[in-house]
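Heads up, the thing below is written out as structure tokens.
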Amino acid sequence: MAKKTTVEENKKIVTDFYNMVFRDHKVQEAADKYFGSKYIQHNPMVPDGVKPFTGYFIPHFKANPEARSEIKRVVAEGDLVVLHVLSKQNKDDRGRAIVDIFRVEGGKIVEHWDVIQEIPEKAANTNTMF
């Protein structure tokens with residue numbers, strides 16, 4: 007039976023994975039290290055599995071070497087870790103606010119959900135999205 011991880015261990019697993027992929031662009035290394043044998047994807051535009059993930063992001067970062075994501079908040083409960091992220095394709099991009107939700111099982115990331123919102127040029131208030 008797989009080892010049960012603590013909330014703090016789950017936070018570290020997910021943040022280390024996310025930074026390795028979306029900051030450092032080490033997609034295959036991160037997938038090999040942090041994904042479980044199954045990877046369930048709830049984004050309707052992406053198939054289940056590790057291969058579709060690496061098959062998308064490896065060429066994406068080759069085509070967009072300036073792309074970076076910055077984790078602004080991490081919230082975790084049980085086996086779920088939620089990241090609130092600023093994602094930009096390049097230095098001129100206003101970016102997107104992303105909420106990524108990951109489920110960790112036995113120390114591996116096995117499931118993912120996300121919600122993505124473009125950062126508008128003008129807002130109806132002076133608050134930021136972060």
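Those letters in the sequence shown? Residues 7 to 136, per my numbering, in order.
In this text, a Cβ means the ideal position worked out from N, Cα and C, and glycines have one as well.
Note that the structure is a prediction, hence the values are computed from the model and not measured.
Which residue comes first and which comes last in the beta strand (DSSP E) that contains residue i?
i	result
H66	H66 -> not in any beta strand (DSSP E); alpha helix (DSSP H) instead, spanning 56–69.
So what does DSSP say about residue i, is it helix, strand or coil?
i	result
A103	strand
K39	helix
V33	helix
I125	coil
E72	coil
If distances are taken between C-alpha atoms only, which option among the options comes closest to residue i?
i	options	result
F63	V33, N96, V13, N16	V33
P50	A129, P126, I122, A37	I122
V87	G61, P71, K9, W119	W119
A103	Y40, R109, H90	H90
T60	K114, F41, G113	F41
T21	A129, E124, I77	I77
Please classify residue i as buried or exposed, where buried requires at least 16 other C-beta atoms within 10 Å of its C-beta.
i	result
G101	buried
R29	exposed
What are the boundary residues of the alpha helix (DSSP H) that residue i is part of?
i	result
V20	13–28
Can you tell me which residues form a DSSP beta bridge with residue i?
i	result
Q47	H118
E188	This structure leaves residue 188 out entirely; the chain is present only between 7 and 136.
A130	Bridge partners of A130: none, in fact.
A82	V87
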